[in-house]
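Residue numbers (the numbering used here): 7 to 347.
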Ligand SMILES: Cc1cc2nc3c(=O)[nH]c(=O)nc-3n(C[C@H](O)[C@H](O)[C@H](O)COP(=O)(O)O)c2cc1C
């Protein structure tokens, strides 16, 4: 096992297990991943990127592959239907990456139509050969993220995990839904457990973990060696630290927004929510300035998510439209989030 990939763990006894920020297209840009790290995510992964575009040196795809020294390990995720392009892209990323993650879970038609993402689960031999050739080509750990199956016929995540372990994949992550389900229904953690029990490499459980309670339930049911959180972290990167506090893995006093907020003890739940989100937003802006620069589209998306559910959130779109610069927009959202005090 490498430094970044620990050994498989036994049944959960309440002890700490790594928390992963799920790769999410349009969400997990570099500054967001950096905030998630500060908020307790132990691992972050880039959004998926088209391997063929990377091999053609497409600038927009390579921009998604940017990292920062504070994001260690750096785990780019790639997808594609062409095994040669997948291996070449992995090789091109190898000098900067610590681990290469392969996407076999995306249900979007533009991906499945090229027999990539979750569609590859319907072509298990092709999927396994693809992983084997990538493992052969690069000197880095290779990991894979998949669903339970395509939803046609029997689920095959467990047998695929066994075959991927045999060809050298070092860690596997399963989202407890099928391709056909997309995001509907409830994630099936018991099927994830079946795969956890069937292999000796660590398996990470993913799907519907949103707080300490669901994190504990998922770890108890699956015995997984880690948890991956997606939608629960959109607009709320603080979820990682909240889970760690809730499970007794860290103290509330260590939360960065508690340390940074005067009079935290006197705040009610709503005031605390504003304060936590403001801290996260301000850090997102600081990280953006320090790395990729303020990106209007990214900021707009995150601003809607960071303010969702808070009183007065409806006026956030208007606030953003009133600003003519990204700096003005950043400040307006920060001021809105300061208003909860
Ligand atoms: C907006 C969005 C974008 C996503 N993009 C990716 C992606 O790029 N790569 C990937 O493996 N999964 C992607 N996913 C799936 C998530 O990583 C995760 O598997 C899924 O959301 C289930 O976890 P959750 O219940 O914690 O959200 C995406 C999900 C969402 C909601």
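Note that CB positions come from ideal geometry on N, CA and C, so glycine has one too.
Any non-hydrogen atom of ligand 1 closer than 8 Å to residue i Cβ
i	result
residue 30	yes
residue 109	yes
residue 216	yes
residue 134	no
residue 116	no
residue 254	no
residue 237	yes
residue 161	no
residue 209	no
residue 181	yes
residue 155	no
residue 212	yes
residue 202	no
residue 127	no
residue 44	no
residue 193	yes
residue 83	yes
residue 234	yes
residue 167	no
residue 112	yes
residue 53	yes
residue 33	yes
residue 14	no
residue 151	yes
residue 290	no
Cβ pair residue i, residue j closer than 9 Å
i	j	result
residue 231	residue 202	yes
residue 284	residue 343	yes
residue 248	residue 218	yes
residue 152	residue 179	yes
residue 24	residue 210	yes
residue 27	residue 293	no
residue 137	residue 108	yes
residue 310	residue 323	yes
residue 270	residue 286	no
residue 118	residue 57	no
residue 291	residue 338	no
residue 38	residue 243	yes
residue 185	residue 113	yes
residue 164	residue 129	no
residue 307	residue 32	yes
residue 17	residue 229	yes
residue 314	residue 241	yes
residue 20	residue 253	yes
DSSP bridge partner residues for residue i (one or two, in chain order)
i	result
residue 212	181, 234
residue 148	106
residue 55	84
residue 49	26
Own chain, CB closer than 7 Å to residue i, minus 5 neighbours either side, in chain order
i	result
residue 206	14, 171
residue 40	74, 76, 77, 293
residue 196	227
residue 43	50, 76, 77
residue 96	84, 106, 140, 143, 144
residue 22	255
residue 115	none
Cut-off 8 Å between Cβ atoms - residues of its own chain near residue i, not counting five sequence neighbours on either side
i	result
residue 183	153, 154, 189, 190, 191, 193, 194, 213
residue 99	60, 71, 82, 84, 106
residue 132	89, 121, 126
Cutoff 6 Å; reference residue i; Cβ partners in own chain excluding five residues on either side
i	result
residue 261	247
residue 281	263, 267
residue 147	8, 11, 105, 176
residue 55	67, 70, 84
residue 208	14, 177, 231
residue 198	180, 182, 211, 228
Near ligand 2: residue i beta-carbon under 8 Å from a heavy atom
i	result
residue 240	In the structure shown, ligand 2 is absent; the only ligands present are ligand 1.
Quick check: the segment 134-146 against the segment 156-163, are at least 3 beta-carbon pairs closer than 8 Å?
The answer is no - the segment 134-146 does not touch the segment 156-163, with fewer than three Cβ pairs under 8 Å.
May I ask you to verify whether the segment 69-84 touches the segment 117-132, counting CB pairs closer than 8 Å and requiring at least 3?
With the cut-off at 8 Å, the segment 69-84 and the segment 117-132 do not touch.
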